[in-house]
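Heads up: the protein sequence lines correspond to chains A and B, in order. The number in the numbering used here is simply the position in the first sequence, starting from 1, with 10 added. The number in the numbering used here is simply the position in the second sequence, starting from 1, with 10 added. Backbone N, C-alpha and C define an ideal beta-carbon position, used for all residues, glycine too. Inspection log for the structure reproduced underneath, given as structure tokens.
2 protein chains.
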Amino acid sequence: MGIQERKEREKQEMRELILQTARQVFIEEGYEKTSIRTIADRIEYSPATIYLYYKDKDQLLFAIHELGFDALLASFQTLQEIADPLERFRQLGHRYVQFAINNPEMYDLMFISYSPMNALEKAQEGSTWDCGYQSFHTLCSIIQENMDQGLLRTNDLYVTALSVWSFVHGLACLHIRNRLKAFPEHLNTQQLMDQSLDLLITSLKV
Amino acid sequence: MGIQERKEREKQEMRELILQTARQVFIEEGYEKTSIRTIADRIEYSPATIYLYYKDKDQLLFAIHELGFDALLASFQTLQEIADPLERFRQLGHRYVQFAINNPEMYDLMFISYSPMNALEKAQEGSTWDCGYQSFHTLCSIIQENMDQGLLRTNDLYVTALSVWSFVHGLACLHIRNRLKAFPEHLNTQQLMDQSLDLLITSLKV
DNA sequence: TTTATTTACTAAACACTGTTCATTAAATTT
DNA sequence: AAATTTAATGAACAGTGTTTAGTAAATAAA
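This is the structure in structure tokens:
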């Protein structure tokens, strides 16, 4: 029975077509213009068809947000090449913030928008945010290495990791949601972020 | 000509009625259900009437977000009673995060939603975010006092203030947008936030 | 007081949104 | 060749922010 296999394959291909098209629309046109109808238009299918492959918009956006995490984790990949743990730590923060600046819409979807978390809630009772947790684990590992070598003033891994994440996320969030540019001092956000990051590392350093 | 004065008064009263009703809907029903039609229903006027008093929804939400800042700044008011600068510093952070936890929808509107910043942009070229800047100034003052007494390791006021703000905002943001509760470890968010805040202050301390 | 004008308000429409469902047409199985 | 399963859609529903032409009341002018 090759027909069932072919049909299954075609179904997956259609799912992928929808996802990739949705990702494209999302990146090119932004969150707001990423409507079911816009995506449907691009693939030349009716809006209702999308609902045969994704339960609702939140589920589709969840799939897009996972692609975002692929890219973020990829940018973390080469961190192991950095020998100095403290420099590796700083670079992690830097790349995180840089990702947010370079891919604001995607960062927004991954870390700010309600949508993917709604999808998670609707999926099953007590389902976990795997890709988010995976990124958090990268941060934990690097902090642990710094702690092991006695480079930090803190000793609580979890609290330190959450603090660092909050810090870089806060920076990213304020920037993306236009809370910095509305200030009287018109400052170089990029430079200011680097300075803040330096301050954080310096403060945590022993 | 008392008629013109009465008309002007009535106009202001109507504006206030719309604003207060909008605030009520916003707090009681949340951001999502705060539609022009919902507000119009409550005051028993047609939706179009609201547009005679507020240019668009962003402008109305901006007015609501200003009410939020009134409340936030009010919670900062009694900080001067705290003699110890470092403790005052910690309390500021604590009250900020507490405000976010207790008034998630309002915090969201004030610091996360695009809406009020859109209103600001549409208003005039180069108009500033006064209420946001005022809160930031409170933070700056307290940090300055700590610096003056040589209590901090840092010396750049602006960068330190932005870092602290990013930190507490990041915490608030992750919490409100459900990025913490999706983690395997089901932790007491409140307690974790307090610990993180302590870590920040300790790290900045000389 | 009657006429003219300004003011306040609204019904209805426009262009969107996510989502559902009965119906149709094609592919597959019997 | 007939019956059944599958895939796709048109059309609708209920909602959104916003605009505009038209109405009725209040005010000003004659």
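Nearest to residue i by alpha carbon, out of the options?
i, options, result
"B:M157", "B:L181, B:D94, B:L83 and B:E135", "B:D94"
"A:E91", "A:Q14, A:I152 and A:L172", "A:I152"
"A:L27", "A:R52, A:E39 and A:H147", "A:R52"
"A:N128", "B:R25, B:S206 and B:N188", "B:N188"
"A:Q200", "A:G136, A:Q108 and A:R47", "A:Q108"
"A:A84", "A:Y106, A:R163 and A:L70", "A:Y106"
"A:K43", "A:C183, A:H185 and A:E115", "A:E115"
"B:Q30", "B:S137, B:T59 and B:L71", "B:L71"
"A:C150", "A:E135, A:T170, A:E18 and A:W139", "A:T170"
"A:F121", "B:T164, B:A182 and B:E155", "B:A182"
"B:R163", "A:F86, A:L77, A:G40 and A:I211", "A:I211"
Classify residue i as helix, strand or coil using the three-state DSSP reduction.
i, result
"A:K43", "coil"
"B:L162", "strand"
"B:K236", "In the structure displayed, chain B extends from 11 to 216; residue 236 of chain B sits before or after that span and is not available."
"B:K21", "helix"
Count the other CB atoms, across all protein chains shown, that sit within 10 Å of the CB of residue i; report buried if there are 16 or more and exposed otherwise.
i, result
"A:D118", "buried"
"A:S56", "exposed"
"B:A81", "exposed"
"B:C68", "Reading off the sequence shown, one finds Asp at residue 68 of chain B, where the question assumed Cys. With 16 or more Cβ atoms within 10 Å of its Cβ, B:D68 is classed as buried."
"A:V35", "buried"
"B:V178", "buried"
"B:V216", "exposed"
"B:L62", "exposed"
"A:S137", "exposed"
"A:H75", "buried"
"A:H185", "buried"
"B:A32", "buried"
"A:A110", "buried"
"A:R19", "exposed"
"B:I3", "Since the displayed chain B opens at 11 and closes at 216, residue 3 of chain B lies outside it and no answer follows."
"A:R16", "exposed"
"B:Q87", "exposed"
"B:Q101", "buried"
"A:G180", "buried"
Is any non-hydrogen atom of the ligand GTP found closer than 8 Å to the C-beta of residue i, if you look at the structure I gave you?
i, result
"B:Q34", "The ligand GTP is absent from the structure shown, which contains no ligand whatsoever."
Please look up how many angstroms separate the CB atoms of residue i and residue j, rounded, as I've assumed it's under 8 Å.
i, j, result
"A:S173", "B:S206", "4 Å"
"A:L96", "A:L202", "About 21 Å separates the two Cβ atoms, so there is no contact after all."
"A:I46", "A:I37", "Contact flag wrong, Cβ pair sits at about 17 Å."
"B:W175", "A:A192", "No, B:W175 and A:A192 are not in contact; Cβ-Cβ is about 13 Å, not under 8 Å."
"A:L167", "B:S213", "About 15 Å separates the two Cβ atoms, so there is no contact after all."
Query raised in the report: If you scan the region 99 to 152 of chain B from start to end, which runs of the alpha helix (DSSP H) of 4 or more residues do you find wholly inside it?
Result: 114 to 117 and 125 to 133
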